[in-house]
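First comes the structure, then the notes that go with it.
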Amino acid sequence: MRALNRKLLRDLWRIKTQVLAIAVVVGCGVAIIVMALGTMRSLEETRATYYERYRFADVFAHVKRAPEYLAERIAGIPGVKWAETRVVADVILDVPGMAEPATGRLVSIPEHRRPALNDLTLRRGRLLAPDRPDEVLVDETFAEAHGFRPGDHFFAMINDKKRKLLIVGVALSPEYIYSVGPGVLVPDKRRFGVMWISREALASAFDLEGAFNDISLSLLPSASRPEIIERLDVLLDPYGNTGAYDRDDQVSHAYLSGEMDQLVATATVAPPIFLGVAAFLLHIVVTRLVATEREQIGLLKSFGYGNAAVGWHYLKVVLFVAGLGVVLGFAGGAYLGRLITELYTDLFRLPFLHYRLSLDVFALAALVTLAAAVLGTLNAVWRAVRLPPAEAMVPAPPAVYRRTAVERLEPRGLVGQPTRMILRHIVRWPLRAAMTTLGISLGVAVLVSTLFFFDAIEHLIQTYFHHAQRQDVTVTFTEPSVERVVYEVGRLPGVLAVEPYRAVAVRLRHGPRSERAGISGLEPDAALRRVLDTRLRQAAIPPDGIVLSTKLAELLAAAPGDVLTVEVLEGRRPVRQVPVASLVEEYIGTPAYMDRHALNRLMREGPVVSGAYLQIDGRQEEALYRELKDTPVVAGVALQTVALRTFRETMAETMDIMISFYVMFGGLIALGVMYNSARIALSEHGRELATLRVLGFTRFEALYILLGELGVLTLLALPLGCLIGYGIAWFFAWSFDTDLFRIPMFIERATYGAAVLVVLVAGAASALIVRRRVDRLNLVAVLKTRE
Amino acid sequence: MASAGLSQDRSANERPRGPQGTASGPGRPERRRAFVARGLTKVYGKGEVAVHALRGVDLELFAGELAVLLGPSGSGKSTLVNIMGGLDVPTAGQVFFHDLELTAFDERALTAYRRENVGFVFQFYNLVPSLTARENVALITDIARNPLAPEEALGLVGLAERLDHFPAELSGGEQQRVAVARAIAKKPEVLLCDEPTGALDSKTGVLVLEAIERVNRELGTTTAMITHNAAIAEMADRVISLADGRIAGVRENATKRPARELAW
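In the order they appear, the protein sequences are chains A and B.
Following the working numbering, the numbering of the first sequence begins with 1463 at its first residue and continues without gaps.
Following the working numbering, the numbering of the second sequence begins with 31 at its first residue and continues without gaps.
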């Protein structure tokens, strides 16, 4: 090994803790890139392959009942490659061993061929045998949740008749990668299942022979989706069309896309923070290294080493530290990627999903990192290159200080000399002080903006489950029913209170904009299902007009007072003008509300209802569930406590692990910045401190001078970090803002407190490490040596 | 603090705990001893690489005297002064400051001892670059009891006009005089100077020596000055020569030469 490289290794070994601290910060940034982009890539590629191989449809539509011959006309729309009709129905299930009712989505498949679109992957068992109307395939999630094997059975309430269904196989469909039941926030494996049954059996059960109520299309690559959707709507409208939509509005696809967007957002926000901080840390360390090795640089140059050789020597320090970080980041990122992919395989049902270590993601991460490191330290390295040998051999002139502006205002004697030293030092290197402050504050910010998710989700739960939807059970009827049915439901065992609702699928138009939406007609004096205004107080539903969720209003560019065109997509399909009465805050979906009676009037119908919200006596739960499973008018039962529990479980599974990592990363940034700052301060002030110790300053007084600057900068960084953290949280909330789901911009004070605490602990840890070095300062050496 | 009140110990009225019966200087009235060292040995390192810096040194310094410790590099003079200044501890032997045994002090007590009783002047000044001359002195007076005003201390070393200059704005000699002012501003009982003129030319060196001389005379500060420059020994009351870790000789100057007459 050449002597200069040996020197390099020894230099690095001497500052090994600093090297490690910076490499860890680099590693965090690299790990996030590798994890997020790698997972995103795996997910994207898997999905694309899956969609292609199993022919996932491009456009979807549901109708009430359309004649089969219409399919040919639909297939004839230019740009349509294939049209597949189906019968789809949501039914109540009675699963052996489970008290509460579950919801099953029965999807028809052709009896004598494989589905042309949305084909199934058979995981276990066999496909349906011809002429066996009681055979079903169930989706893997539901089967796993109940331990179903081929040969098991369960019951379903199909068109007023309870029927026994026999499981012959377990399958997966590209349509239900993310499988969530109607009116539910997150997948509930036990209480919602998709099952495939023979077309003939299902059609005859629902009187849909020679007809269909669901159609999927695949399109030619050149086709214009909006145009095809429009023409499809025209054809389907006479048959109770609820509005055709493309993949972007398909629940499973949209959730999966949302998840990928989040990964991209993560990969966009987090790595620049870590790499920026790492570049800054490298900058101060290399600057200090060049300063302390000034005479050695002079010596090297006088021996004939060229400027390029000297520059390359220090650049190698940078590349070594960054390279170490990249290696750590690769390992960490691969680990995290595998971990998150495991979470995804549970959440998203794909026939295969492997976290693939793609070379280009690694290459990108390494390149970005090394570039950031080199750019950040170029100035420091240049300083070594530029140093003339003769000048380098004599010690650097003492730094020139000046009085700070603050001191000019201050009457002499108010601030002690140690404090004055601290202030002047900050003012002497304002940029470095600012960058240190920023670095620490980014640590706070990472903590605030990730812990924010806990607050936001808790806030969402409070709003959604405890303020807005206070019912225990939501019952959906198979058909809009007369009010009398509500009173019958009210007489079921354990029902304490009942509130009817009317739900109607509509298309809302405002100027050139239009959105598919559902209007919920609620009782004006509702106590169970309430609507909240933007300040989370119960909002009154006016007797006329429509109340929009803020997101829907945003999509329609509508404000209170504007008049919307409401095209009802069911019943007699009336088209009406309705003024926007007010806006309400909703974090889930894009709902709209009306007074139920006003909605009935708009529908030109009598006082009919779509379902009811129930408050129940928990002790009679099982009796109620038994009754509900056998009540023919009931199409679906949603249980609020169960929904809340699964929501919390899903969030805990997916969020907790990631957030713990980010909390660790935030702490590591803070630790990296503070430890390095303290070490640099010690290196710069070591001699000064030793002198003061000789002059009789206690260890504590010496430590105060050493760490006072860091303390001042930390105090400045804490509020700044909270502010930046709020900004990043706002960016996350903004970038995760979709039609499906929004994250409330809500941060608890305790979260700021926790972030500040973590950073203070990191600071205290750095102080302790440096204190040991102050204790070991060689007081005698300082008397004899020149700096 | 372990050694609080050390600085009040200047009167020898109370019953001394120190060693008794050490011979006073010859031909002089009874002089009070500031330091007594007995059998000081200092070994750095172990085994083959062991360096014997001091090999059984017995020494006394009298209150108010200006002693010069003369000797070549490696003679042990710095080690001796470091031990007296509470910066280092001997491998064997005892050091008494008045009747307090420094060699029995722990780290905290030594810090307090330095803080209250000792002034240091270093070869390379060791000023705090971010503080002005006045503030460098105030750094010490802020934590001392009954100190001189920084301005007064700087006046004593002839720098009354340079109070608000930063070290970077002062010459080497001026910086060293600030260091002297900083050392004596707390009115220490002992002033320890390690090669105070080592980094200065003869002319500016003399200015620094004059400052030390004046402090010794006017404040009565016991002063020990290390040098390898024999010319400087002329200004001392006593010259203690060291060689190879032992006292090679002690000489009293019958007449001290004023610092301003020195040259080298």
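Where is the CB? At the ideal position from N, CA and C, for every residue including glycine.
Closer than 7 Å at the beta carbon, the chain D residues around residue i
{"i": "E2150 of chain A", "result": "Of the protein chains in this structure, namely A and B, none is chain D."}
Cα-Cα separation between residue i and residue j, rounded to whole angstroms
{"i": "R1468 of chain A", "j": "L1761 of chain A", "result": "16 Å"}
{"i": "L1990 of chain A", "j": "L2076 of chain A", "result": "8 Å"}
{"i": "A1716 of chain A", "j": "I1919 of chain A", "result": "20 Å"}
{"i": "A97 of chain B", "j": "V148 of chain B", "result": "15 Å"}
{"i": "L169 of chain B", "j": "T2153 of chain A", "result": "12 Å"}
{"i": "V1944 of chain A", "j": "P2181 of chain A", "result": "59 Å"}
{"i": "L2045 of chain A", "j": "Q2000 of chain A", "result": "12 Å"}
{"i": "A1561 of chain A", "j": "I1802 of chain A", "result": "33 Å"}
{"i": "V2028 of chain A", "j": "R2035 of chain A", "result": "10 Å"}
{"i": "A2140 of chain A", "j": "I1902 of chain A", "result": "12 Å"}
{"i": "A2195 of chain A", "j": "D2092 of chain A", "result": "43 Å"}
{"i": "R1932 of chain A", "j": "V1648 of chain A", "result": "18 Å"}
{"i": "R1586 of chain A", "j": "M1657 of chain A", "result": "14 Å"}
{"i": "L178 of chain B", "j": "P218 of chain B", "result": "10 Å"}
{"i": "T1565 of chain A", "j": "A1741 of chain A", "result": "54 Å"}
{"i": "P1529 of chain A", "j": "T1704 of chain A", "result": "16 Å"}
{"i": "E1755 of chain A", "j": "D172 of chain B", "result": "35 Å"}
{"i": "L1532 of chain A", "j": "N1675 of chain A", "result": "11 Å"}
{"i": "L2151 of chain A", "j": "A2243 of chain A", "result": "12 Å"}
{"i": "L1694 of chain A", "j": "A1685 of chain A", "result": "13 Å"}
{"i": "G55 of chain B", "j": "A134 of chain B", "result": "Residue confidence for G55 of chain B is low, a pLDDT of 43 falling below 50, so the modelled location carries little weight; the figure read from the coordinates is stated next. Distance between the alpha carbons of G55 of chain B and A134 of chain B: 27 Å."}
{"i": "F1610 of chain A", "j": "R1588 of chain A", "result": "14 Å"}
Residues near residue i by beta carbon distance below 7 Å, same chain, minus five either side
{"i": "V1748 of chain A", "result": "Y1776, V1779, V1780, T1839, A1842 and V1843"}
{"i": "R1709 of chain A", "result": "D1520 and H1715"}
{"i": "I2190 of chain A", "result": "V1731, A1907 and S1911"}
{"i": "T1866 of chain A", "result": "L1885, R1886 and V1889"}
Contacts around residue i, its chain only, beta-carbon distance under 8 Å, and the 5 residues preceding and following it disregarded
{"i": "V167 of chain B", "result": "P180, A183, L184, V208, A211, R212 and A215"}
{"i": "L237 of chain B", "result": "G188, G203 and R207"}
{"i": "Q153 of chain B", "result": "D224, E225, P226, G228 and A229"}
{"i": "E1606 of chain A", "result": "K1651"}
{"i": "G1645 of chain A", "result": "T1936, T1938, G2098 and A2100"}
{"i": "F2198 of chain A", "result": "G1720, D1723, Q1724, A1727, R2204 and I2205"}
Contact set for residue i: own chain, Cβ-Cβ below 6 Å, skip 5 residues either direction
{"i": "L1582 of chain A", "result": "A1633 and S1635"}
{"i": "A1665 of chain A", "result": "V1549 and E1671"}
{"i": "G86 of chain B", "result": "G69 and T71"}
{"i": "R1845 of chain A", "result": "V1752"}
{"i": "P2206 of chain A", "result": "A1918, H1921, L1922 and Y2049"}
{"i": "H1745 of chain A", "result": "G1838, T1839 and A1842"}
{"i": "T1938 of chain A", "result": "G2073, A2097 and G2098"}
Candidates the options: closest to residue i by CA position
{"i": "N2138 of chain A", "options": "A:G2183, A:G2170, A:A2097 and A:S2228", "result": "A:S2228"}
{"i": "V1966 of chain A", "options": "A:E2047, A:A2060 and A:P1592", "result": "A:A2060"}
{"i": "P1813 of chain A", "options": "A:R2141, A:R1515, A:A1465 and A:L1694", "result": "A:R1515"}
{"i": "D2006 of chain A", "options": "A:L1984, A:V2220 and A:L2175", "result": "A:L1984"}
{"i": "A1852 of chain A", "options": "A:E2084, A:G1766, A:P1986 and A:A2019", "result": "A:G1766"}
{"i": "C1490 of chain A", "options": "A:T1728, A:Y1531 and A:E1721", "result": "A:T1728"}
{"i": "I1906 of chain A", "options": "A:G2134, A:D2057 and A:L2157", "result": "For the sequence presented, residue 1906 of chain A should be read as Val rather than Ile. The option with the nearest alpha carbon to V1906 of chain A is A:G2134."}
{"i": "M2113 of chain A", "options": "A:A1827, A:Y1806 and A:E1977", "result": "A:Y1806"}
{"i": "S160 of chain B", "options": "A:L1826, A:R1588, A:R1882 and A:V1726", "result": "A:R1882"}
{"i": "A2143 of chain A", "options": "A:F2208, A:R2211 and A:W1891", "result": "A:W1891"}
Query raised in the report: So does the region 1664 to 1683 of chain A actually touch the region 1500 to 1507 of chain A, counting three or more Cβ pairs closer than 8 Å?
Result: The way I'd put it, the region 1664 to 1683 of chain A doesn't touch the region 1500 to 1507 of chain A; fewer than three beta-carbon pairs between them come closer than 8 Å.
Query raised in the report: Is there contact here, the region 2118 to 2125 of chain A with the region 1912 to 1928 of chain A, by at least three beta-carbon pairs under 8 Å?
Result: The region 2118 to 2125 of chain A makes contact with the region 1912 to 1928 of chain A, as at least three CB pairs between them are under 8 Å.
Query raised in the report: Just checking, does the region 1785 to 1803 of chain A make contact with the region 1482 to 1496 of chain A on the three C-beta pairs under 8 Å criterion?
Result: Yes: at least three Cβ pairs fall under 8 Å.
Requested in this report: State whether the region 1933 to 1944 of chain A contacts the region 2063 to 2082 of chain A, with contact taken as three or more CB pairs (one from each stretch) at a distance under 8 Å.
Outcome: The region 1933 to 1944 of chain A, when compared against the region 2063 to 2082 of chain A, does touch it at the 8 Å Cβ threshold.
Query - the region 2076 to 2086 of chain A contacting the region 1950 to 1958 of chain A, beta-carbon criterion three pairs below 8 Å - result: Flag = yes, the region 2076 to 2086 of chain A and the region 1950 to 1958 of chain A touch.
Requested in this report: Could you say if the region 1613 to 1629 of chain A and the region 1528 to 1544 of chain A meet the contact criterion of at least three C-beta pairs nearer than 8 Å?
Outcome: No contact exists between the region 1613 to 1629 of chain A and the region 1528 to 1544 of chain A.
Query raised in the report: Can you give, in chain order, each stretch of the alpha helix (DSSP H) that sits fully within the region 157 to 227 of chain B and has at least 4 residues?
Result: Counting only runs that start and end inside the region 157 to 227 of chain B, the alpha helix (DSSP H) elements of at least 4 residues fall at 163 to 171, 180 to 186 and 202 to 214.
**Report entry** Residue ranges of each beta strand (DSSP E) within the region 1647 to 1722 of chain A, 3 or longer
**Finding:** Here the runs fully enclosed are 1654 to 1660 and 1673 to 1681.
Query - the region 74 to 89 of chain B contacting the region 239 to 247 of chain B, beta-carbon criterion three pairs below 8 Å - result: The answer is no - the region 239 to 247 of chain B does not touch the region 74 to 89 of chain B, with fewer than three Cβ pairs under 8 Å.
**Report entry** Three-pair Cβ contact test at 8 Å for the region 139 to 148 of chain B versus the region 88 to 103 of chain B
**Finding:** No, the region 139 to 148 of chain B is not in contact with the region 88 to 103 of chain B.
Query raised in the report: In chain order, which beta strand (DSSP E) runs of at least 3 residues are fully inside the region 1564 to 1589 of chain A?
Result: Here the runs fully enclosed are 1564 to 1571 and 1583 to 1587.
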